[in-house]
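Right, one structure below, let's go through it.
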Amino acid sequence: MSTPCPFCEGTVSGRICESCGRDRTVPRRICKACGKMSPKAEAECCHCGAKFRSEMRWKIPLIIAIFVFAFILAIFIQLIGR
Amino acid sequence: MAKVTDEQVQAAFAPHLHEGEELKYWAFGVKQPNIFLLIGLICLAVLPGLIAVMLLTKNYYIGLTNKRFIVLTVKSMKPEDVKEVTEYDLSELSSANASTSTGGLFTHITIKDPEKPFKAKFHRAFCPSNRPNAMAIGEAIAA
Chain A
183 MSTPCPFCEG
193 TVSGRICESC
203 GRDRTVPRRI
213 CKACGKMSPK
223 AEAECCHCGA
233 KFRSEMRWKI
243 PLIIAIFVFA
253 FILAIFIQLI
263 GR
Chain B
-18 MAKVTDEQVQ
-8 AAFAPHLHEG
2 EELKYWAFGV
12 KQPNIFLLIG
22 LICLAVLPGL
32 IAVMLLTKNY
42 YIGLTNKRFI
52 VLTVKSMKPE
62 DVKEVTEYDL
72 SELSSANAST
82 STGGLFTHIT
92 IKDPEKPFKA
102 KFHRAFCPSN
112 RPNAMAIGEA
122 IAA
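Chains A and B, in that order, are what the protein sequence lines are. So the first sequence is numbered by the working numbering: it starts at 183 and just counts up by one. So the second sequence is numbered by the working numbering: it starts at -18 and just counts up by one.
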């Protein structure tokens, strides 16, 4: 039985697509630039070449900044209270 | 809690379904960071800790069709904000690599797959059908 390939839109009869050579069952993500599916393991979109960036790139610095801000605010409130 | 309709979820899954495939059950779940990290962050500072936990929590919509178990990773509770898609053929899932358990509040579903592991918990209060659907999906994949 054939199913559509999520990456090249060809038809796949097994797990490996004959036209693009990719496993149709691998985890995939949606490219923000072109909106098409690309394997999660690939660093760039297989359609438009846009680079995928980890969400942790902005989440970790934001979390650190929130904690630093909270500590500075706590110290400031302590100083004002004296 | 969230107002997510069956139609919204069906629409989110529709582009990922094959011809003749029908979504039988769906459920919303989360995967929170490690419990020790969670406690540590909240002990350090309550409000920033809660914000950090919120930022580090992953949201999922899972769906069971007659052929596959599909996991949609979403940005928020909205089903239309799909970031990632993971699928498992039902033939490759069994009690050996998939397990489920139900507690007072949560239904836990775990898939031990070396290439695409999955673990999430599904709260009963998300919507009236969340708990029975999560339990039905869990039973189907761990059979």
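A virtual CB, placed ideally from N, CA and C, is assigned to each residue, including glycine. Here the structure is a predicted model, which is why all the values come from computation and not from measurement.
Where the alpha helix (DSSP H) through residue i begins and ends
i: residue 130 of chain B; result: It is not possible to answer for residue 130 of chain B, since the shown part of chain B is limited to -18 through 124.
i: residue 31 of chain B; result: 27 to 37
i: residue 250 of chain A; result: 238 to 263
i: residue 125 of chain B; result: What the structure shows of chain B is the stretch from -18 to 124, and residue 125 of chain B is not part of that stretch, so it cannot be assessed.
i: residue 120 of chain B; result: 111 to 122
Within 8 Å, strictly: CB atoms of residue i and residue j
i: residue -11 of chain B; j: residue 4 of chain B; result: no
i: residue 201 of chain A; j: residue 184 of chain A; result: no
i: residue 137 of chain B; j: residue 42 of chain B; result: The requested residue 137 of chain B is not part of the displayed model; chain B covers only -18 to 124.
i: residue 210 of chain A; j: residue 65 of chain B; result: yes
i: residue 39 of chain B; j: residue 12 of chain B; result: yes
i: residue 74 of chain B; j: residue 107 of chain B; result: no
i: residue -7 of chain B; j: residue 31 of chain B; result: no
i: residue 94 of chain B; j: residue 78 of chain B; result: yes
Same chain, Cβ closer than 6 Å to residue i, five either side skipped, listed in chain order
i: residue 76 of chain B; result: 123
i: residue 226 of chain A; result: 233
i: residue 97 of chain B; result: 67
i: residue 91 of chain B; result: 80 and 100
i: residue 115 of chain B; result: 8, 88 and 103
Min CB distance residue i to chain B below 8 Å
i: residue 239 of chain A; result: no
i: residue 254 of chain A; result: no
i: residue 209 of chain A; result: yes
i: residue 249 of chain A; result: yes
i: residue 244 of chain A; result: yes
Within-8 Å CB hit, residue i to chain A
i: residue 70 of chain B; result: yes
i: residue 32 of chain B; result: yes
i: residue 91 of chain B; result: no
i: residue -8 of chain B; result: no
Cβ-heavy atom distance, residue i to the ligand HEM, below 7 Å
i: residue 240 of chain A; result: Among the ligands in the structure shown, none appear at all, so the ligand HEM cannot be discussed.
Neighbourhood of residue i by C-beta distance below 8 Å, restricted to the same chain and skipping five residues each side
i: residue 87 of chain B; result: 102, 103, 104 and 105
i: residue 214 of chain A; result: 232
i: residue 127 of chain B; result: This structure cannot settle anything about residue 127 of chain B, because the visible part of chain B is limited to -18 through 124.
i: residue 198 of chain A; result: 204, 205 and 206
Residue span of the beta strand (DSSP E) that contains residue i, given as start and end
i: residue 56 of chain B; result: Taken as a continuous stretch (DSSP letters only), residue 56 of chain B belongs to no beta strand (DSSP E), as it is neither H nor E.
i: residue 12 of chain B; result: 4 to 12
i: residue 79 of chain B; result: 79 to 83
i: residue 220 of chain A; result: 219 to 221
i: residue 63 of chain B; result: 63 to 70
i: residue 210 of chain A; result: 210 to 212
Same chain, Cβ closer than 7 Å to residue i, neighbours up to 5 away in sequence not counted
i: residue 191 of chain A; result: none
i: residue 155 of chain B; result: Look at the range of chain B in this structure, -18 to 124, and you will see that residue 155 of chain B is not part of it.
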